[in-house]
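Participant: After the structure tokens below, expect a handful of questions from me.
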Amino acid sequence: MGTELCSAQRLIERGMILNPLENPAVDVGSEDIAWFSQVGGWGSFGSYGLYGDENHAWYQHLGAYMEIYRKGNESSLAVTGQIEFIADTNNDINFSPRAIFWEEGLLYTRRIGRPFIQFGYYHRCKHDIDNFRFGEERTMVFGSAMTRLVLPFNLSSNSDMLLAFQYDHYTITWEKRTPNTFQNGAYNWDELINSLRVNAAYQRPVSGNANFYLDGYLMGTLLKNDSWMNGQIRAEIGSETAAGQVRFGLHAEYLGDSGIPVQPKSTMLIGVGVRIMTTGSIR
Numbered sequence: 003m004g005t006e007l008c009s010a011q012r013l014i015e016r017g018m019i020l021n022p023l024e025n026p027a028v029d030v031g032s033e034d035i036a037w038f039s040q041v042g043g044w045g046s047f048g049s050y051g052l053y054g055d056e057n058h059a060w061y062q063h064l065g066a067y068m069e070i071y072r073k074g075n076e077s078s079l080a081v082t083g084q085i086e087f088i089a090d091t092n093n094d095i096n097f098s099p100r101a102i103f104w105e106e107g108l109l110y111t112r113r114i115g116r117p118f119i120q121f122g123y124y125h126r127c128k129h130d131i132d133n134f135r136f137g138e139e140r141t142m143v144f145g146s147a148m149t150r151l152v153l154p155f156n157l158s159s160n161s162d163m164l165l166a167f168q169y170d171h172y173t174i175t176w177e178k179r180t181p182n183t184f185q186n187g188a189y190n191w192d193e194l195i196n197s198l199r200v201n202a203a204y205q206r207p208v209s210g211n212a213n214f215y216l217d218g219y220l221m222g223t224l225l226k227n228d229s230w231m232n233g234q235i236r237a238e239i240g241s242e243t244a245a246g247q248v249r250f251g252l253h254a255e256y257l258g259d260s261g262i263p264v265q266p267k268s269t270m271l272i273g274v275g276v277r278i279m280t281t282g283s284i285r
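Using the numbering used here, read the sequence shown as starting at 3 and increasing by one per residue.
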């Protein structure tokens, strides 16, 4: 399922945990250094047909990472890039591009015993598409320095779980709303300060080569004069293939500010979709 995107503000990777050191296909000797040792990625496509709003009917997520540097299986430096594309139904084929969110980042990961600690910087932006139909536009540019603690757990001999705690401190904040009447309204991303997010991901085999996946997140964002929450829960069935994991499932997500209409509002989304991702490094 897509995250989907995006977050109390809409961070695209909000519904996933990326850790290049957890890719089982990459194994480097403890004293060895490797350059450009792996690439990986994820993609999702689905519909908000179960429940959405006038801006959300379809979604698509595409993302990739490239590991630049790796020392043993203890530390990693990677670059990432991802997009979240949203379409509504307001054209002749019921698939009208509405908004796109973009991210690019630098992520350092280090193993500290069994847990992992991560540091990075992500540059993000959001742009409207075909906004001439509405006579309005809402554009943002925002970036954050982040740190994340990833805690693995073995709940039983055939299942496992991850918990991740992420803090973002926003260093670049800019938002423009057209018409200007709405420029100084509520939830202005010019005023972002920081956010805190908790992710959980659980998986276990169910039958044959099929697996059951359950994950979710809860995120709070603080602005100078406002605050809000986002959250999601997602359940999927999937399996491992030679190319990675393929998952089908349902998700429900609440966004305190979807980031799309020029007059901010919250939304509840319930959708169905498919996700494809590199095994292990993306949860």
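Where is the CB? At the ideal position from N, CA and C, for every residue including glycine.
1) I35 lies in the beta strand (DSSP E); which residues open and close that run?
2) Using a Cβ-Cβ cut-off of 8 Å (strictly less than) and excluding sequence neighbours within five positions of T281, which residues of its own chain qualify?
3) Mapping the DSSP letters down to three states, classify G107 as helix, strand or coil.
4) Looking at F38 and I70, is the spacing between their C-beta atoms short of 8 Å?
5) Can you check which of these residues, V41, L13, S49, is closest to N250 by C-alpha distance?
6) In the DSSP assignment, find the beta strand (DSSP E) that holds A212 and state where it starts and stops.
7) What separation, rounded to the nearest whole angstrom, lies between the Cα atoms of N213 and G187?
8) Would a C-beta distance cut-off of 8 Å place I131 and W104 closer than the cut-off?
9) Report the option in V274, M68, Q168 whose CA atom is closest to the CA atom of A147.
10) Compute the Euclidean distance between the alpha carbons of I14 and M142, then round it to the nearest angstrom.
11) Taking just the CA atoms, how far does V200 sit from L216?
12) According to DSSP, simplified to helix, strand and coil, what is E56?
13) In angstroms, rounded to a whole number, what distance separates the CA positions of T111 and G17?
14) Given H125, which residues of its chain have a CB within under 6 Å of its CB, disregarding the five upstream and five downstream residues?
15) Can you give the Cα-Cα distance for Y67 and G218, rounded to whole angstroms?
Facilitator: Let's see:
1) Annotation: the continuous beta strand (DSSP E) that includes I35 extends over 35-53.
2) If you ignore the 5 residues before and after T281, its C-beta comes within less than 8 Å of the C-beta of N25, P26, A27, E242, G246, Q247, all in its own chain and listed in chain order.
3) Looking at G107 - three-state DSSP - the assignment turns out to be strand.
4) In this structure, F38 lies closer than 8 Å to I70 by Cβ.
5) For the record, residue 250 in the displayed sequence is Phe; it is not Asn. Nearest option by C-alpha distance: S49.
6) Unbroken beta strand (DSSP E) run through A212: 212-225.
7) So the alpha carbons of these two residues sit roughly 45 Å apart.
8) Contact: no.
9) For the set V274, M68, Q168, the Cα lying nearest the Cα of A147 is the one of Q168.
10) I14 and M142: Cα-Cα distance of roughly 14 Å.
11) Answer to the nearest angstrom: the Cα atoms are 14 Å apart.
12) Three-state DSSP puts E56 in coil, outside helix and strand.
13) Here the alpha carbon of T111 sits roughly 19 Å from the alpha carbon of G17.
14) A distance below 6 Å between beta-carbons, with the five flanking residues on each side excluded, links H125 to the following residues of its chain, in chain order: E106, G145.
15) If you take the alpha carbons of Y67 and G218, they lie about 22 Å apart.
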